[in-house]
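2 protein chains.
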Amino acid sequence: MEQQMKQIKGGVTAAKGFEAAGVEAGIKYQNRKDMALVYSTAPCRVAGTFTTNVVKAAPVLWDKEIVENSPFAQAVVVNAGVANAATGKQGMDYCREEAKTASELLNIPENAVLVGSTGVIGMQLPIDRIKEGIQKLVAAKAETLEAGTIASKSIMTTDTRNKEIAVSFELDGKTVTVGGMSKGSGMIHPNMCTMLSYVTTDAVISKELLQEALSTSIIDSYNMITVDGDTSTNDTCLVLANGLAGNTEIAQKGEAYDKFYEALHFVNTYLARQMAGDGEGATALFETTVYNAATKQDARILARSVVGSNLSKAAIYGHDANFGRFLCALGYSGVQFDPEKVELFFESKAGKIQVYKDGAAVDYSEEEATKILSEPEVTILVDMKMGTETATAWGCDLTYEYVKINADYRS
Amino acid sequence: MEQQMKQIKGGVTAAKGFEAAGVEAGIKYQNRKDMALVYSTAPCRVAGTFTTNVVKAAPVLWDKEIVENSPFAQAVVVNAGVANAATGKQGMDYCREEAKTASELLNIPENAVLVGSTGVIGMQLPIDRIKEGIQKLVAAKAETLEAGTIASKSIMTTDTRNKEIAVSFELDGKTVTVGGMSKGSGMIHPNMCTMLSYVTTDAVISKELLQEALSTSIIDSYNMITVDGDTSTNDTCLVLANGLAGNTEIAQKGEAYDKFYEALHFVNTYLARQMAGDGEGATALFETTVYNAATKQDARILARSVVGSNLSKAAIYGHDANFGRFLCALGYSGVQFDPEKVELFFESKAGKIQVYKDGAAVDYSEEEATKILSEPEVTILVDMKMGTETATAWGCDLTYEYVKINADYRS
Numbered sequence: 001m002e003q004q005m006k007q008i009k010g011g012v013t014a015a016k017g018f019e020a021a022g023v024e025a026g027i028k029y030q031n032r033k034d035m036a037l038v039y040s041t042a043p044c045r046v047a048g049t050f051t052t053n054v055v056k057a058a059p060v061l062w063d064k065e066i067v068e069n070s071p072f073a074q075a076v077v078v079n080a081g082v083a084n085a086a087t088g089k090q091g092m093d094y095c096r097e098e099a100k101t102a103s104e105l106l107n108i109p110e111n112a113v114l115v116g117s118t119g120v121i122g123m124q125l126p127i128d129r130i131k132e133g134i135q136k137l138v139a140a141k142a143e144t145l146e147a148g149t150i151a152s153k154s155i156m157t158t159d160t161r162n163k164e165i166a167v168s169f170e171l172d173g174k175t176v177t178v179g180g181m182s183k184g185s186g187m188i189h190p191n192m193c194t195m196l197s198y199v200t201t202d203a204v205i206s207k208e209l210l211q212e213a214l215s216t217s218i219i220d221s222y223n224m225i226t227v228d229g230d231t232s233t234n235d236t237c238l239v240l241a242n243g244l245a246g247n248t249e250i251a252q253k254g255e256a257y258d259k260f261y262e263a264l265h266f267v268n269t270y271l272a273r274q275m276a277g278d279g280e281g282a283t284a285l286f287e288t289t290v291y292n293a294a295t296k297q298d299a300r301i302l303a304r305s306v307v308g309s310n311l312s313k314a315a316i317y318g319h320d321a322n323f324g325r326f327l328c329a330l331g332y333s334g335v336q337f338d339p340e341k342v343e344l345f346f347e348s349k350a351g352k353i354q355v356y357k358d359g360a361a362v363d364y365s366e367e368e369a370t371k372i373l374s375e376p377e378v379t380i381l382v383d384m385k386m387g388t389e390t391a392t393a394w395g396c397d398l399t400y401e402y403v404k405i406n407a408d409y410r411s
Numbered sequence: 412m413e414q415q416m417k418q419i420k421g422g423v424t425a426a427k428g429f430e431a432a433g434v435e436a437g438i439k440y441q442n443r444k445d446m447a448l449v450y451s452t453a454p455c456r457v458a459g460t461f462t463t464n465v466v467k468a469a470p471v472l473w474d475k476e477i478v479e480n481s482p483f484a485q486a487v488v489v490n491a492g493v494a495n496a497a498t499g500k501q502g503m504d505y506c507r508e509e510a511k512t513a514s515e516l517l518n519i520p521e522n523a524v525l526v527g528s529t530g531v532i533g534m535q536l537p538i539d540r541i542k543e544g545i546q547k548l549v550a551a552k553a554e555t556l557e558a559g560t561i562a563s564k565s566i567m568t569t570d571t572r573n574k575e576i577a578v579s580f581e582l583d584g585k586t587v588t589v590g591g592m593s594k595g596s597g598m599i600h601p602n603m604c605t606m607l608s609y610v611t612t613d614a615v616i617s618k619e620l621l622q623e624a625l626s627t628s629i630i631d632s633y634n635m636i637t638v639d640g641d642t643s644t645n646d647t648c649l650v651l652a653n654g655l656a657g658n659t660e661i662a663q664k665g666e667a668y669d670k671f672y673e674a675l676h677f678v679n680t681y682l683a684r685q686m687a688g689d690g691e692g693a694t695a696l697f698e699t700t701v702y703n704a705a706t707k708q709d710a711r712i713l714a715r716s717v718v719g720s721n722l723s724k725a726a727i728y729g730h731d732a733n734f735g736r737f738l739c740a741l742g743y744s745g746v747q748f749d750p751e752k753v754e755l756f757f758e759s760k761a762g763k764i765q766v767y768k769d770g771a772a773v774d775y776s777e778e779e780a781t782k783i784l785s786e787p788e789v790t791i792l793v794d795m796k797m798g799t800e801t802a803t804a805w806g807c808d809l810t811y812e813y814v815k816i817n818a819d820y821r822s
């Protein structure tokens, strides 16, 4: 019997043939690394999902073109500090210059270079520093796990911790690895995919199935998190598959595809959850699971409505068992239901308590409820009593610190 | 020639035959008035609009029944502190007890008594104190302008100022008056009507046209404001028309209806704008006008998306000319447009400045932009260049104080 999927150390360099680097390019921040490179020694099939915002950053347009039309991709160059969004024709020209610089140094085609940017909208990239940064990145790239970790730290903006994960599983006696890194803390309300997320794998899989696996996975991972309801202009999730694991190509649905999907979805869900818990100013990961909903889509909408509600988020920050706010957010989600039938529970490591039933408050202990809501990870459980579908959404609390970060983000 | 509409002193008692009162009933707050009464000496035709939240507070259900099926209404009893929402059958029984008490004391039918509640969701009304409050209200009611002001103060929760307005105009040589009061500061994202708003008029107008005027007016008044994106369970807007002005009945569309509509819409817009500017913790009224949109609905959606964006609200608080956030919020609104064509401006008493054009930042003065954004009322102007439709939405900035108020609202 083949082994089950297991979590292993590392991130984007965990899979065979992937290298990474992070360097100080002086884009905006002082004394920290702010550019990253992910590079594959072999050409990769690539799948991508991008923001649905009408205002798309230049790197989003550039990467979309490559995902759709390039025969393969082999490198991703990312900078933090400036988003290269709302930058017009100049912004697109700079994407091309980035790709050209990397292409010459790495000896790969220009249209095999993906680019990513995150930071302030409306500013042009300091292109000379970007180009110097690419030179440093190419010189520094390495296949070590540490190199992947450095890359994941270099793309942070207001993130307080880097986000990376890797898993492996067996296929045809071969070990297949899926690893990834992401950044995202504010302007997080993905609608297609979140801020920036890069996943690498050595699996051999057709481009069509790679895209299908990604497009399916994001629905219940990145698209189920929110920090502030603001869908970014730069949301990008890319998966690069270089095929070096040597498994029989996954070219149709079946057991092998399911295993790959499980690994990819685990990585995506982990990275998404990390982003929610590291939301700007957050002190708690705020999870909502809706079950027994009439349809899967209803369950998703209801769960997202609760974690996206400012008043619910503020109640979590205050450890306040103000269940009316969660109920209210269910009520304005757009999903029809009978408020008399719904039941609400609070749950965390400190315990589980029912607070609402038969259209009114249950006689619960406020003290116990407050204790449950004071943990760093809290869950609101909602039993809709309408069907069998479940969905989970992740957000964070709304704090003074969120306001502080965003009242003077640019200064 | 008849006189134009003019603003006059007062609120709900400005129109002929309306009396009001506010008293201390000890519902939740100490040392402040927390119950209000609006009473008409003559029976009123009544129109109403209510929250679209699936979770509807008991008073919403009670009032909806009266607006739809009662031959007339003559009184409104309102309390602050407890919302009587998520209170099940008990909550409905308490509405009936309130109406019964008022009906006996005022000698009017039970189904002529409207009720309203605002405050914490999930708690039952302290019905004995409510009933004592109604006795005090009936004893205190008066037709003075001051009585209207006291009533408007008695329904405040986290509001920092009371909200009332009155206008009058001439019709058939008779003076017709429309006055109103409202409360609302948090959980404000009306979708049908806002928190609590009561408008009185002595106009003679058919019930059908009274409802039509109200239903039309709320679209561009209450439904265009947001404080926190949370659509309340209690949103209620009622208009009571007692007909004492003695004008010829407004029974069809035409000049008289237009004049009445203008007055009603002025009152509604004023009260809505006041609520936005007095949003919980707000330091500024944040207005967005979208013009040259393809359709009226597009203009409304775009304007609401900007004033509802947490990141835009935080930028206003920080007086930060971070125009990318406003552009981003337009982009995820759901309306399709070409970001290269849109133009953005900031405007306030301190001046007007263009910040975005041709897909990129205009070379504007940051200092001047910050000065413009430091006023207590700031406007973002958006030229869509797609058509001729305009809409304005109102919100407020997102501040530490909002978080503080909502992290421990119940304590």
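Quick note, the sequences are listed as chains A and B, same order. Numbering follows my numbering, with no gaps: position 16 of the first sequence is 16. Numbers given in my numbering equal positions in the second sequence, counted from 1, plus 411. Heads up, the beta-carbon is just placed ideally off N, CA and C, and yes, glycines get one too. This one's a predicted model, so the numbers in the text were calculated from it and none came from an experiment.
Exposed or buried, what is residue i when buried is set at 16 or more other beta-carbons lying within 10 Å of its beta-carbon?
i             : result
residue 217/A : buried
residue 456/B : buried
residue 161/A : exposed
residue 425/B : buried
residue 778/B : exposed
residue 71/A  : exposed
residue 518/B : exposed
residue 223/A : buried
residue 575/B : buried
residue 442/B : exposed
residue 351/A : exposed
residue 339/A : buried
residue 157/A : buried
So which of the options has the shortest CA-CA distance to residue i?
i             : options                    : result
residue 50/A  : 60/A, 400/A, 44/A, 401/A   : 60/A
residue 262/A : 150/A, 302/A, 177/A        : 177/A
residue 432/B : 552/B, 453/B, 420/B        : 552/B
residue 4/A   : 369/A, 407/A, 170/A, 379/A : 170/A
residue 386/A : 335/A, 361/A, 404/A, 364/A : 335/A
residue 378/A : 273/A, 75/A, 104/A, 119/A  : 273/A
residue 559/B : 454/B, 452/B, 447/B        : 447/B
residue 6/A   : 287/A, 266/A, 249/A, 214/A : 266/A
Find the residues of chain B that neighbour residue i, judging by a C-beta separation of less than 8 Å, and give them in chain order.
i             : result
residue 400/A : 811, 814, 815
residue 336/A : 465
Which bits of chain B does residue i rub up against, with CB to CB less than 9 Å?
i             : result
residue 328/A : 464, 466, 496, 497, 532, 598, 641, 642, 643, 644
residue 79/A  : Correct list: empty, because the minimum Cβ distance to chain B is about 16 Å.
Looking only at DSSP bridge pairs, what is residue i linked to?
i             : result
residue 794/B : 702/B, 754/B
residue 628/B : According to DSSP, which records beta bridges pairwise, residue 628/B is partnered with nothing at all.
residue 79/A  : 35/A, 117/A
residue 767/B : 755/B, 772/B
residue 262/A : Bridge partners of residue 262/A: none, in fact.
residue 418/B : 578/B
residue 368/A : Residue 368/A pairs with nothing; no bridge assigned.
Anything in chain B within Cβ reach of residue i, meaning under 7 Å, just list it in chain order.
i             : result
residue 358/A : 499
residue 424/A : Because chain A here runs from 1 to 411, residue 424/A falls outside it and cannot be looked at.
residue 299/A : Near residue 299/A there are no residues of chain B at all, since even the closest Cβ is about 15 Å away, more than 7 Å.
residue 317/A : 814, 818
Applying a beta-carbon distance threshold of less than 7 Å, which residues of chain A neighbour residue i?
i             : result
residue 765/B : What residue 765/B touches in chain A: nothing, since even the nearest Cβ is about 13 Å away.
residue 742/B : 53, 54, 55, 233
residue 425/B : Here the premise fails: no neighbours, minimum Cβ distance about 33 Å.
Along chain A, which residues have their Cβ under 8 Å away from the Cβ of residue i?
i             : result
residue 905/B : The question about residue 905/B has no answer here: the residues shown for chain B are numbered 412 through 822.
residue 688/B : By Cβ distance, chain A contributes nothing, its closest Cβ being about 18 Å from residue 688/B, past 8 Å.
residue 802/B : Result: empty, since nearest Cβ-Cβ is about 18 Å, beyond 8 Å.
Can you list the residues of chain A that residue i reaches, using a CB-CB cut of under 9 Å?
i             : result
residue 798/B : Neighbours of residue 798/B on chain A: none; closest Cβ ~16 Å, over 9 Å.
residue 734/B : 86, 121, 122
Chain B contacts made by the segment 337-351 of chain A, where a contact means CB separation under 8 Å:
337, 339, 340
Could you name the residues of the segment 359-370 of chain A whose beta carbon sits closer than 8 Å to any beta carbon of chain B, in the order they occur along the chain?
359, 360, 361
The segment 666-695 of chain B: positions lying closer than 8 Å to chain A by Cβ:
none
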